[in-house]
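I have placed the structure first, in the form of structure tokens, so that the comments after it can refer back to it.
Number of protein chains: 2
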Amino acid sequence: MTVSEYRRDPVTGRWVVIGTEPPRPADFDREPVRLAPDPQCPLCEGHEAMTPPELWVDRSSGGPNGPGWHTRVIPNHAPMVRVETVLDRLGEGLFDKIAGVGAHEVVVESPRHEDTLASLDDDGIARVLWALRERTQDLRRDVRFRYFLLFKNHGAVAGAALAHSHTQLMALPVVPREVQVEVDGARAHYVAKERCLFCDIIRQEEDDGRRVIAHTPDMVALAPFASRSPFETWILPRRHAVRFEDASMEQCRGLAQILGDVLRRLDRALEQPPYSLVIHTAPVAEGHDFYHWHVEILPRVTRTGSLEWATGFHLNPTRPEDAAQFLRQLGPRS
Amino acid sequence: MTVSEYRRDPVTGRWVVIGTEPPRPADFDREPVRLAPDPQCPLCEGHEAMTPPELWVDRSSGGPNGPGWHTRVIPNHAPMVRVETVLDRLGEGLFDKIAGVGAHEVVVESPRHEDTLASLDDDGIARVLWALRERTQDLRRDVRFRYFLLFKNHGAVAGAALAHSHTQLMALPVVPREVQVEVDGARAHYVAKERCLFCDIIRQEEDDGRRVIAHTPDMVALAPFASRSPFETWILPRRHAVRFEDASMEQCRGLAQILGDVLRRLDRALEQPPYSLVIHTAPVAEGHDFYHWHVEILPRVTRTGSLEWATGFHLNPTRPEDAAQFLRQLGPRS
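Printed below as a string of structure tokens:
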């Protein structure tokens with residue numbers, strides 16, 4: 402009998418128990434994301450008046466806040482943080498607090514309700530990535546912001562409040578703790594070795610091959626060594642790059658190509674799973690040149706979220722080597 | 402308009418955005434935990450033959466693996482870690498792994514299927530706590546173990562695989578990352594101030610009063626300053642104590658009393674919510690005298706788990722001051 406093992410993520414120091422069950426998606430706790438038509442959807446083309454005015458738009462016809470767009474960025478309709486708030490850092494005995502300054506924006510990925518990020522063509526996905534890049538570049542001029550959280554919740558199980566496919570952007574005056582843990586891990590490796598930790602991981606994984614899902618000349622998709630959940634996938638640029646928001650249009654197209662490929666493989670393997678996707682980019686401050694931006698995709702296929710949520714300790718029944726092989730065999734076609 | 406704010410947890414450094422919505426449980430995403438009778442439940446009294454033999458039992462009549470017990474501890478039927486495995490620490494290039502040595506046990510809290518931890522009387526809850534303490538004391542003699550994870554998932558939404566009320570214990574050869582972050586935060590405070598961080602929090606919270614839910618001569622229940630989700634609750638011994646598993650029977654009774662009170666208040670406030678409960682105790686190694694054991698309860702009442710899971714950044718719509726006031730007003734009766 403193969404024995405399960407503890408694995409340590411070299412970036413965050415997170416320990417995960419990896420089981421030895423073969424990757425049988427039919428055994429997972431699946432709630433496929435199905436899109437029902439919704440004539441009242443505020444994010445559909447033609448319904449622009451149901452949302453706040455657009456902050457940014459990529460359109461081929463029509464005028465502001467009307468039809469004819471490919472990608473549209475609007476403010477979150479009920480943001481918990483606001484740009485207008487004055488940055489005010491206060492102590493309260495042991496405690497620290499800051500008034501809720503920030504930005505919370507929504508990138509509508511397509512004018513059509515029936516699209517998902519996976520169903521868009523490479524050009525459509527590149528437009529979404531470019532919108533995120535452009536909005537981040539714009540918000541970066543506001544010196545109050547220390548981190549940009551770029552993320553997508555696909556499906557209600559993964560926390561999506563609206564069914565129409567969208568990605569979110571939050572600009573924050575703090576660095577989230579998970580990001581800080583990752584930055585600290587990458588810095589420690591750089592101090593010890595004078596090499597980027599992520600570049601080292603890419604090199605080792607490409608030499609090994611067992612956990613590689615797909616690659617292109619510019620990008621590689623991996624099942625990480627210490628995957629937290631079945632079919633966790635990371636996409637990294639093969640050449641060292643610190644911040645996603647400094648990517649060129651060509652690099653966004655390169656990411657779009659492999660991201661679409663990976664999402665379609667996951668859709669086929671896990672039957673349209675809910676997932677969360679986070680673009681990990683370096684904090685705004687100078688001095689993060691050792692960091693390497695990347696994308697982390699976590700399909701939600703188990704309900705064992707509570708232990709993980711409460712303790713940071715993960716039990717993953719599926720070996721990433723097996724998940725990667727499963728996804729490789731599916732091939733790139735949609 | 403009251404503005405939301407960022408709050409930093411003084412133990413872990415976690416930032417949370419706290420909203421200003423009044424605590425209206427009816428607005429939460431609720432899936433009340435309802436217990437359906439199950440004649441095939443392996444954890445019910447009389448079905449002892451359906452489980453592996455008991456590791457520990459608190460019984461007033463009958464013989465081993467038969468009826469007549471109050472609390473019963475059995476091995477997990479499908480453990481991902483096993484005591485029999487040889488401890489073997491291996492490197493693989495950048496990566497670290499350990500064979501899956503460990504223990505995974507289940508504390509059956511009551512012989513009756515219809516009980517929950519909240520519905521037990523103080524004596525029944527104290528028996529559960531005592532079982533956890535006794536098993537941890539026993540496993541502590543195995544020098545391979547570095548941490549004991551004591552936790553409960555209540556309800557399928559919170560990850561409970563069996564409906565019959567139970568708590569789990571895992572003995573691990575590693576310290577989970579969240580625990581390490583907490584330990585590091587408590588150590589930094591101790592190094593700077595020569596005082597226990599948790600003792601300081603208790604003193605400040607009791608002076609302030611707004612976030613105190615309940616207290617007894619020995620214990621206090623708080624809504625933590627940087628609560629991750631609505632109605633998050635911590636229970637701490639008021640006198641400094643490093644490890645839960647060193648608690649006396651009297652201290653277990655003291656914890657049982659306030660834990661039952663808090664769980665019944667949460668049941669009334671949130672209509673039998675699913676929740677996760679973790680007993681945070683110090684790692685096994687010497688040199689953790691600055692740590693202070695406590696219980697953290699996280700009701701699962703929002704579906705915004707993905708952002709939090711993937712980034713460690715939390716949005717909590719409810720101020721802990723409002724949640725604490727809501728729970729205080731309910732009073733202690735069940």
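Residue numbers (the numbering used here), protein chains in the order written: chain Y, 402 to 735; chain E, 402 to 735. For each residue, glycine too, the CB sits at the ideal point set by N, CA and C. Being a predicted model, the structure only gives us computed values, none of them experimental.
Let me check understanding here. Comparing Cα to Cα, which of the options lies closest to residue i?
{"i": "E:Arg-629", "options": "E:Asn-717, E:Leu-518, E:Arg-536", "result": "E:Asn-717"}
{"i": "Y:Val-482", "options": "E:Ser-405, E:Trp-531, E:Arg-534, E:Met-481", "result": "E:Ser-405"}
{"i": "Y:Ala-561", "options": "Y:Cys-597, Y:Val-418, Y:Arg-435", "result": "Y:Arg-435"}
{"i": "Y:Thr-517", "options": "Y:Val-613, Y:Ala-437, Y:Val-621", "result": "Y:Ala-437"}
{"i": "Y:Lys-553", "options": "Y:Leu-660, Y:Pro-721, Y:Ile-419, Y:Asp-428", "result": "Y:Leu-660"}
{"i": "Y:Arg-729", "options": "Y:Pro-411, Y:Pro-468, Y:Asp-662, Y:His-555", "result": "Y:Asp-662"}
{"i": "E:Val-592", "options": "E:Arg-534, E:Pro-454, E:Glu-687, E:Phe-691", "result": "E:Phe-691"}
{"i": "E:Cys-445", "options": "E:Val-474, E:Arg-596, E:Gly-420", "result": "E:Val-474"}
{"i": "Y:Asp-668", "options": "Y:Thr-634, Y:Val-487, Y:Tyr-548", "result": "Y:Thr-634"}
{"i": "Y:Pro-625", "options": "Y:Arg-611, Y:Thr-472, Y:Ala-479, Y:Asn-466", "result": "Y:Arg-611"}
{"i": "E:Trp-531", "options": "E:Leu-664, E:His-471, E:Arg-425, E:Gly-503", "result": "E:His-471"}
{"i": "Y:Pro-454", "options": "Y:Gly-467, Y:Arg-460, Y:Glu-515, Y:His-641", "result": "Y:Gly-467"}
{"i": "E:Arg-596", "options": "E:His-693, E:Arg-408, E:Asp-459, E:Asp-489", "result": "E:His-693"}
{"i": "Y:Gly-492", "options": "E:Gln-605, E:Glu-422, E:Gly-501", "result": "E:Gln-605"}
{"i": "Y:Gly-732", "options": "Y:Ile-614, Y:His-567, Y:Pro-674", "result": "Y:Ile-614"}
{"i": "Y:His-448", "options": "Y:His-565, Y:Gln-726, Y:Pro-675", "result": "Y:His-565"}
Quick check on residue i: does DSSP put it in helix, strand or coil?
{"i": "Y:Met-402", "result": "With a pLDDT of 46 at Y:Met-402, under the threshold of 50, the modelled position of this residue cannot be trusted; read the value that follows with caution. Three-state result, Y:Met-402: coil."}
{"i": "Y:Arg-409", "result": "strand"}
{"i": "Y:Thr-703", "result": "coil"}
{"i": "Y:Arg-542", "result": "coil"}
{"i": "E:Val-529", "result": "helix"}
{"i": "E:Thr-617", "result": "coil"}
{"i": "Y:Phe-645", "result": "helix"}
{"i": "Y:Thr-517", "result": "coil"}
{"i": "E:Glu-687", "result": "coil"}
{"i": "Y:Ala-622", "result": "strand"}
{"i": "Y:Pro-718", "result": "strand"}
{"i": "E:Asp-430", "result": "coil"}
{"i": "E:Ala-450", "result": "helix"}
{"i": "E:Arg-534", "result": "helix"}
{"i": "E:Glu-709", "result": "helix"}
{"i": "Y:Val-482", "result": "coil"}
Quick one: measure Cβ to Cβ for residue i and residue j, integer angstroms, because I've assumed they're closer than 8 Å.
{"i": "Y:Leu-570", "j": "Y:Val-508", "result": "7 Å"}
{"i": "E:Phe-632", "j": "E:Leu-671", "result": "6 Å"}
{"i": "Y:Leu-550", "j": "Y:Pro-577", "result": "7 Å"}
{"i": "E:Ile-602", "j": "Y:Leu-495", "result": "6 Å"}
Using a Cβ-Cβ distance under 8 Å, would residue i count as near chain E?
{"i": "Y:Trp-416", "result": "yes"}
{"i": "Y:Arg-736", "result": "For residue 736 of chain Y there is no data in the structure shown, the boundaries of chain Y being 402 and 735."}
{"i": "Y:Arg-513", "result": "no"}
{"i": "Y:Pro-574", "result": "yes"}
{"i": "Y:Val-529", "result": "no"}
{"i": "Y:Leu-664", "result": "no"}
{"i": "Y:Gln-605", "result": "yes"}
{"i": "Y:Ile-526", "result": "no"}
{"i": "Y:Glu-579", "result": "yes"}
{"i": "Y:Asp-601", "result": "yes"}
Note the first and the last residue of the continuous beta strand (DSSP E) segment covering residue i.
{"i": "Y:Trp-635", "result": "634-638"}
{"i": "Y:Phe-549", "result": "548-555"}
{"i": "E:Ser-677", "result": "676-681"}
{"i": "E:Arg-473", "result": "470-476"}
{"i": "Y:Gln-569", "result": "567-573"}
{"i": "E:Gly-420", "result": "416-422"}
{"i": "E:Arg-741", "result": "The shown model of chain E, from 402 to 735, leaves out residue 741 of chain E, and the question about it has no answer."}
{"i": "E:Ala-500", "result": "496-500"}
{"i": "Y:Ala-504", "result": "504-509"}
Check for me: the alpha helix (DSSP H) holding residue i runs from which residue to which?
{"i": "E:Gly-655", "result": "650-671"}
{"i": "Y:Arg-729", "result": "721-731"}
{"i": "E:Gly-586", "result": "578-594"}
{"i": "Y:Glu-493", "result": "From DSSP, Y:Glu-493 is part of no alpha helix (DSSP H) but of the beta strand (DSSP E) over 490-493."}
{"i": "Y:Glu-607", "result": "598-609"}
Checking contacts by CB at 8 Å: is residue i closer than that to chain Y?
{"i": "E:Leu-495", "result": "yes"}
{"i": "E:Ala-500", "result": "yes"}
{"i": "E:Ser-405", "result": "yes"}
{"i": "E:Val-482", "result": "yes"}
{"i": "E:Val-377", "result": "For chain E, the structure presents residues 402 to 735; residue 377 of chain E sits outside this window and is missing."}
{"i": "E:Gly-713", "result": "yes"}
{"i": "E:Gly-560", "result": "yes"}
{"i": "E:Thr-719", "result": "no"}
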